[in-house]
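**Student:**
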Amino acid sequence: MTEALALAQAPGARLFAGGCELVLAMRRGAVRYQNLVSIMKLPGLDTFTAHPKIGVEVGAQVRINRLASHIWVGKRWAALHEAIEQLHPPHILNMGTLIGNVCAAVNYYDLPTALFAHRAELRITDGTATRIVPIEAFYGADRQTAVQPGEMVASMFLPPPGPDAGSAFKKIYKARRREGDLHKINAAAYIALDPARERILDATLALGCIGAHPIRIPAAEAALVGQLADEAVFDAAAAQAMAAVAPMTDAPWVEEIRSEWIRILARDVLQQAASRARSRHDPAEDAHLAY
Numbered sequence: 001m002t003e004a005l006a007l008a009q010a011p012g013a014r015l016f017a018g019g020c021e022l023v024l025a026m027r028r029g030a031v032r033y034q035n036l037v038s039i040m041k042l043p044g045l046d047t048f049t050a051h052p053k054i055g056v057e058v059g060a061q062v063r064i065n066r067l068a069s070h071i072w073v074g075k076r077w078a079a080l081h082e083a084i085e086q087l088h089p090p091h092i093l094n095m096g097t098l099i100g101n102v103c104a105a106v107n108y109y110d111l112p113t114a115l116f117a118h119r120a121e122l123r124i125t126d127g128t129a130t131r132i133v134p135i136e137a138f139y140g141a142d143r144q145t146a147v148q149p150g151e152m153v154a155s156m157f158l159p160p161p162g163p164d165a166g167s168a169f170k171k172i173y174k175a176r177r178r179e180g181d182l183h184k185i186n187a188a189a190y191i192a193l194d195p196a197r198e199r200i201l202d203a204t205l206a207l208g209c210i211g212a213h214p215i216r217i218p219a220a221e222a223a224l225v226g227q228l229a230d231e232a233v234f235d236a237a238a239a240q241a242m243a244a245v246a247p248m249t250d251a252p253w254v255e256e257i258r259s260e261w262i263r264i265l266a267r268d269v270l271q272q273a274a275s276r277a278r279s280r281h282d283p284a285e286d287a288h289l290a291y
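Going by full-length UniProt numbering, the sequence shown opens with residue 1, and the numbers climb by one from there.
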């Protein structure tokens with residue numbers, strides 16, 4: 001790993017895994033590299049475990065299709081699974097890696113929004129030391145991340161959900177009015193309920209495709225905790241989410257439509273997450289195994 005990181009620091013060099021976004025950028029002429037350094041044969045980066053009692057650990061070499069077909073990811077990290085199911089074109093599933101998708105820092109990608117809702121953590125290494133960065137702190141300005149020269153993201157961790165918890169992801173496609181417009185808006189939520197499955201113990205709400213990177217809505221999250229999981233509460237949280245998003249254009253009618261879509265998406269993912277949280281969890285979760 002140390003050798004690969006050193007090679008990637010040379011002028012005109014680039015570290016890559018699946019290379020899906022890299023190939024597109026090179027075809028467009030947006031970037032040009034003299035040397036490409038693949039990490040796909042490096043030892044120790046192929047870790048993949050997923051279990052509700054343990055969490056999800058994904059190494060930098062793990063392709064997205066491994067998560068798409070995993071039963072526990074589908075059951076207990078539903079927001080991420082739904083975002084994966086809606087990826088296109090289909091070859092991204094087979095060629096792309098989860099961490100590569102996150103590190104590309106493309107503002108219209110779906111997976112980062114779901115990972116915000118699941119409170120993902122990235123483990124960044126320089127080959128000797130490792131630091132843990134929450135995904136909310138991972139992104140900076142447009143296509144910028146917390147990865148420094150001589151570093152790479154070695155793995156990602158998603159904490160285990162509560163025993164009565166659910167999550168959801170949804171998106172809406174929209175027309176592009178001008179070059180640079182994002183062609184969709186997405187949202188993801190996580191809701192954990194009390195043992196009676198009535199009140200909200202924990203919540204996250206993330207919105208994507210509204211800027212350089214997804215955002216969480218802390219005011220809405222805080223307002224949800226302790227409340228009954230009913231439509232009125234979710235409507236109020238969705239209104240807070242709508243109000244928290246800054247305008248992106250100077251056209252009032254466009255912003256009115258976009259704001260309404262944000263409200264609808266936020267409400268729907270919160271309701272869907274709560275509905276899943278009310279469902280009894282699978283008894284197989286009591287097996288202390290990682291797959």
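Ideal Cβ placement from N, Cα and C applies to all residues, glycine included. Note that the structure is predicted; figures quoted are calculated from it, not measured.
Where in the region 125-162 do unbroken runs of the beta strand (DSSP E), each at least 3 residues long, occur, reported from the N-terminal end onward?
**Tutor:** Listed in chain order, they are 130-134 and 152-158.
**Student:** Can you tell me which of Ala-30, Ile-39, Gln-240 and Met-26 puts its alpha carbon nearest to the alpha carbon of Ala-6?
**Tutor:** Taking the first residue of the sequence shown as position 1, residue 6 is located at position 6. Of the candidates Ala-30, Ile-39, Gln-240 and Met-26, the one whose C-alpha sits nearest the C-alpha of Ala-6 is Ile-39.
**Student:** Indicate whether Ala-117 and Ala-189 have their beta-carbon atoms separated by less than 7 Å.
**Tutor:** If you number the sequence shown from 1, residue 117 lands on position 117. If you number the sequence shown from 1, residue 189 lands on position 189. Contact: yes.
**Student:** What number of angstroms, rounded off, separates the C-alpha of Val-31 from the C-alpha of Cys-20?
**Tutor:** The sequence position of residue 31 within the sequence shown is 31, counting from 1. The sequence position of residue 20 within the sequence shown is 20, counting from 1. Each residue's alpha carbon lies about 14 Å from the other.
**Student:** Any idea which residues DSSP pairs Asp-164 with across the strands?
**Tutor:** As a position in the sequence shown, residue 164 is number 164, starting the count at 1. In DSSP, Asp-164 forms no bridge with anything.
**Student:** Tell me, please, which residues DSSP counts as bridged to Asn-35.
**Tutor:** As a working note, residue 35 is residue 35 in the sequence shown. Answer by DSSP bridge pairing, in chain order: Ala-13.
**Student:** Smallest Cα separation from Leu-122: which of Ala-137, Pro-90 and Met-156?
**Tutor:** Against the sequence shown, residue 122 aligns to sequence position 122. With distances taken between Cα atoms, Leu-122 lies closest to Met-156.
**Student:** Would you report the Cα separation of His-213 and Arg-278, rounded to the nearest angstrom?
**Tutor:** Working through the sequence shown from its first residue, we reach residue 213 at position 213. Working through the sequence shown from its first residue, we reach residue 278 at position 278. Computed Cα separation, rounded: 31 Å.
**Student:** What is the DSSP secondary structure of Leu-170, reduced to helix, strand or coil?
**Tutor:** As a first step, residue 170 must be located in the sequence shown, where it is residue number 170. Checking the sequence, you will find Lys at residue 170 rather than Leu. Residue state, collapsed to three classes: strand.
**Student:** Taking 7 Å as the cut-off, decide whether the C-beta atoms of Pro-160 and Pro-52 are in contact.
**Tutor:** Residue mapping note: residue 160 aligns to position 160 of the sequence shown, counting from 1. Residue mapping note: residue 52 aligns to position 52 of the sequence shown, counting from 1. Yes; because the gap between Cβ atoms is below 7 Å, this pair is in contact.
**Student:** Return helix, strand or coil for His-70, following the three-state DSSP convention.
**Tutor:** As a position in the sequence shown, residue 70 is number 70, starting the count at 1. Coil.
**Student:** Could you tell me how far apart the beta carbons of Leu-15 and Met-152 are, in whole angstroms, since I believe they sit closer than 8 Å?
**Tutor:** For the purposes of this step, residue 15 is identified with residue 15 of the sequence shown, where counting begins at 1. For the purposes of this step, residue 152 is identified with residue 152 of the sequence shown, where counting begins at 1. Correct: roughly 6 Å between the Cβ atoms.
**Student:** Taking the beta carbon of Ala-266 as the centre, do at least 16 other beta carbons fall within 10 Å, making it buried, or is it exposed?
**Tutor:** Stepping through the sequence shown from its first residue, residue 266 is reached at position 266. Classification of Ala-266: buried, given that the 10 Å Cβ count is 16 or more.
**Student:** Is Lys-184 helix, strand or coil by DSSP?
**Tutor:** For the purposes of this step, residue 184 is identified with residue 184 of the sequence shown, where counting begins at 1. The answer is strand: DSSP assigns Lys-184 an E or B state.
**Student:** From Ala-146 to Ile-215, what distance separates their C-alpha atoms?
**Tutor:** Position 146 of the sequence shown, counting from 1, holds the residue named residue 146. Position 215 of the sequence shown, counting from 1, holds the residue named residue 215. About 16 Å.
**Student:** Let's test the definition: count the other Cβ atoms within 10 Å of the Cβ of Ser-167 and tell me whether it reaches 16, buried, or not, exposed.
**Tutor:** As a working note, residue 167 is residue 167 in the sequence shown. Ser-167 should be labelled buried.
**Student:** Only counting the same chain, and skipping five residues up and downstream in sequence, which positions put a Cβ closer than 6 Å to that of His-70?
**Tutor:** Taking the sequence shown and counting its residues from 1, the one referred to as residue 70 is at position 70. So the qualifying residues of the chain are Ala-50.
**Student:** Give a yes or no on whether the C-beta atoms belonging to Ala-241 and Ala-220 are separated by under 7 Å.
**Tutor:** Here the question's residue 241 lines up with position 241 in the sequence shown. Here the question's residue 220 lines up with position 220 in the sequence shown. The answer is yes: Cβ separation under 7 Å.
**Student:** Quick one: Cα of Leu-42 to Cα of Met-1, how far?
**Tutor:** Taking the first residue of the sequence shown as position 1, residue 42 is located at position 42. Taking the first residue of the sequence shown as position 1, residue 1 is located at position 1. When rounded, the distance between both Cα atoms is 6 Å.
**Student:** Tell me the rounded alpha-carbon separation between Gly-18 and Arg-263.
**Tutor:** For the purposes of this step, residue 18 is taken as residue 18 along the sequence shown, with counting starting at 1. For the purposes of this step, residue 263 is taken as residue 263 along the sequence shown, with counting starting at 1. Gly-18 and Arg-263: Cα-Cα distance of roughly 35 Å.
**Student:** Who does Glu-57 pair with in a DSSP beta bridge?
**Tutor:** As a first step, residue 57 must be located in the sequence shown, where it is residue number 57. According to DSSP, Glu-57 bridges with Thr-49 and Phe-157.
**Student:** Ile-191 and Ala-274: beta carbons closer than 7 Å?
**Tutor:** One-based indexing of the sequence shown puts residue 191 at position 191. One-based indexing of the sequence shown puts residue 274 at position 274. Result yes, Cβ atoms of Ile-191 and Ala-274 sit closer than 7 Å.
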